[in-house]
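Asks:
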Amino acid sequence: MKAVVITSPGGPEVLQLQEVDDPVIGDDEVLVRVEATALNRADTLQRKGMYPPPKGSSELLGLECSGTIEAVGKNVSRWKVGDQVCALIGGGGYAEKVAVPAGQVLPVPSGISLKDAASFPEVACTVWSTVFMMSRHSAGETFLVHGGSSGIGTFAIQIAKFYGARVFVTAGSEEKLAFCKDLGADVCINYKSEDFVARVKEETGGKGVDVILDCVGASYFQRNLDSLNFDGRLFIIGFQSGSVTQVNLQGLLARRLTVQAAGLRYRSLENKAEIVSEVEKKVWPAIEAGKVKPVVYKYFPLAEAAEAHRLMESSLHIGKILLVA
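Shown next as structure tokens:
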């Protein structure tokens, strides 16, 4: 099969389309002929040699995909050859075929194209596991997501609104903020020209928000804590500004704050299967009702993976970038 290979750690130019061996599936896996895969920031880190795949996972890039099942392992009962699916994967999406643990496979939501279904697994599993399963966000609470125009952000706005949140976002341009507003964001903050802490306090009568989902890391850590309400929860999923900082712990104690951090890729197969099952039960109905829609900025063929990475690293896009096999 053809797959995008990292020829050596480096810039986008190290991504090359080459012939590689087909994946071999295990007894609890399915083989998917890939229709599309989506880019994630983790892909750019892996390309640079900074984010190795978990032991036993494919060395190829790609953490989610959509496609058609071509073969099933002997222990797989739910899925059959010909099923159209999307999936959360530990790697291997930048290819024509990928082996997927059966517990990480999802049906394509009704009303969504097979191609666009690739935009959902990673963001849905990330947001649902962090904001809802671990941070216990409930209807009527306030929620802030940094990077509101990103793939994570555009999904988080929609699913949080569906579940009754008042949604705050930060983004770096008026165009991106307007897009977030159209998706349902209630308070849109330009982090380049506004102090998001002051704006959050102003909009909440001095209280702060209940849950924050953050991909920025070090430079936002103290400001995130300062933006939280009593019993507020900060969930960190990235370190775009670095991972080392200083913090004043007094606020944590005084306002009973919770700080958590997690990624998806290094979780156990059992934990991933649990998250995927929850997503199918709680998120898929919102998609099928038209309340959560795919936000795809641009499609590239696999052979143009380098160009897709350049676009992602420019941060000019809104939503997801897809590679079509």
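Letter by letter, the sequence shown follows residues 1 to 325 in full-length UniProt numbering. Glycine is no exception: its CB is placed at the ideal position from the N, C-alpha and C atoms.
Would you identify the three-state DSSP class for Gly147, choosing helix, strand or coil?
Replies: In this structure, Gly147 counts as coil in the three-state DSSP scheme.
Asks: Ile25 to Gln46, Cα distance in whole Å?
Replies: Their backbone Cα atoms lie some 23 Å apart in a straight line.
Asks: Report the residue from Ala117, Trp284 and Gln260 whose alpha carbon sits nearest the alpha carbon of Ala36.
Replies: If we check each option's Cα against that of Ala36, Ala117 comes out closest.
Asks: Taking 8 Å as the limit between beta carbons, can you name the residues of its chain near Ser277, skipping five residues before and five after?
Replies: Once the five neighbours on either side are set aside, the close Cβ partners of Ser277 are Gly103.
Asks: Quick test of your reading: Ala185 and Gly232, contact by CB under 8 Å. State the CB separation rounded to the nearest angstrom.
Replies: Not confirmed; about 19 Å, so no contact.
Asks: Over the uninterrupted beta strand (DSSP E) stretch that includes Asp214, give me the two end residues.
Replies: Val209 to Asp214 is the span of the beta strand (DSSP E), which, as asked, contains Asp214.
Asks: What's the call for Phe230, buried or exposed, on a 16-neighbour Cβ count within 10 Å?
Replies: So Phe230 counts as exposed.
Asks: Skipping 5 residues on each side, what residues in its chain have a beta carbon closer than 6 Å to that of Lys181?
Replies: Taken in chain order, the residues that qualify are Cys188.
Asks: Do the segment 134 to 146 and the segment 103 to 114 touch if we need at least three Cβ pairs shorter than 8 Å?
Replies: Flag = no, the segment 134 to 146 and the segment 103 to 114 do not touch.
Asks: Out of Pro12, Val98, Pro53 and Leu322, which has the shortest C-alpha to C-alpha gap to Asp22?
Replies: Closest option to Asp22, Cα to Cα, is Val98.
Asks: Is it a yes or a no for the segment 153 to 168 touching the segment 253 to 273, going by three-plus beta-carbon pairs under 8 Å?
Replies: The answer is no - the segment 253 to 273 does not touch the segment 153 to 168, with fewer than three Cβ pairs under 8 Å.
Asks: Within this structure, are the beta carbons of Asp214 and Ile236 separated by less than 8 Å?
Replies: Against a cut-off of 8 Å, the Cβ pair of Ile236 and Asp214 comes out as a contact.
Asks: Counting only runs of 3+ residues fully inside the segment 163 to 205, write out the beta strand (DSSP E) ranges in chain order.
Replies: Counting whole runs of 3 or more residues, the segment 163 to 205 contains the beta strand (DSSP E) stretches 166 to 171 and 187 to 190.
Asks: Taking a contact to mean a Cβ-Cβ separation below 8 Å, would you say Ala124 touches Phe155 in this structure?
Replies: Yes, these two residues count as a Cβ contact at 8 Å.
Asks: Quick check: what's the CA-CA separation for Leu17 versus Val4?
Replies: If I take the Cα positions, the gap works out to 4 Å.
Asks: Can you check whether the CB of Phe179 is closer than 8 Å to the CB of Ile318?
Replies: Result yes, Cβ atoms of Ile318 and Phe179 sit closer than 8 Å.
Asks: Would a C-beta distance cut-off of 8 Å place Phe239 and Gly217 closer than the cut-off?
Replies: Contact flag set, yes.
Asks: Please classify Met50: is it buried, with 16 or more other beta-carbons within 10 angstroms of its beta-carbon, or exposed?
Replies: The residue is exposed, with fewer than 16 neighbouring Cβ atoms inside 10 Å.
Asks: Is it true that the CB of Phe120 sits closer than 8 Å to the CB of Cys86?
Replies: In this structure, Phe120 lies closer than 8 Å to Cys86 by Cβ.
Asks: Going by DSSP, which residues form a beta bridge with Arg267?
Replies: Bridge partners of Arg267: none, in fact.
Asks: Count the CB pairs spanning the segment 27 to 42 and the segment 57 to 77 that are closer than 8 Å, and state whether there are at least three.
Replies: Taking 8 Å as the limit for Cβ pairs, the verdict is that the segment 57 to 77 does touch the segment 27 to 42.
Asks: Rounded to a whole number of angstroms, what is the C-alpha to C-alpha distance between Tyr191 and Phe300?
Replies: Cα to Cα, the separation comes out at about 30 Å.
Asks: Got a sec, what are the start and stop residues for the alpha helix (DSSP H) Thr126 sits in?
Replies: Note, Thr126: alpha helix (DSSP H), Pro121 to Val127.
Asks: At the level of alpha carbons, what is the spacing between residue 343 and Glu174?
Replies: With the chain covering only 1 through 325, there is no way to say anything about residue 343.
Asks: Could you spell out the range, first to last residue, of the beta strand (DSSP E) harbouring Asn229?
Replies: From DSSP, the beta strand (DSSP E) with Asn229 extends over Leu228 to Ile236.
Asks: Kindly list the residues whose CB is nearer than 8 Å to the CB of Gly82, restricted to its own chain and excluding five residues on each side of it in sequence; keep chain order.
Replies: Excluding sequence neighbours, Gly82 sits near Thr68 and Ile69.
Asks: Since I believe Pro54 is in contact with Gly266 (beta carbons under 8 Å), could you give me their beta-carbon distance rounded to a whole number of angstroms?
Replies: Note on residue identity: the sequence assigns Tyr, not Gly, to residue 266. Between Pro54 and Tyr266 the Cβ distance is about 5 Å, and since that is below 8 Å, they are a contact.
Asks: So, under 8 Å CB-CB, Tyr220 and His146 are touching, yes? Tell me the CB distance rounded to an integer number of Å.
Replies: That belief holds up - the Cβ atoms of Tyr220 and His146 are roughly 7 Å apart, short of 8 Å.
Asks: Buried or exposed: Val247, going by 16 or more other Cβ atoms within 10 Å of its Cβ?
Replies: The residue in question, Val247, is exposed, as its Cβ has fewer than 16 Cβ neighbours within 10 Å.
Asks: Excluding sequence positions up to five away, which residues of its chain have a Cβ less than 6 Å from the Cβ of Tyr199?
Replies: Per the sequence shown, residue 199 should be read as Arg rather than Tyr. Closer than 6 Å at Cβ, skipping near neighbours: Ile189.
Asks: Does DSSP put Leu61 in a helix, a strand or coil?
Replies: Note: Leu61 maps to coil in three-state DSSP.
Asks: Pull up the CB-CB distance for Thr170 and Leu264, whole angstroms please, since I reckon it's below 8 Å.
Replies: At roughly 23 Å, the Cβ-Cβ gap does not stay under 8 Å, so Thr170 and Leu264 are not in contact.
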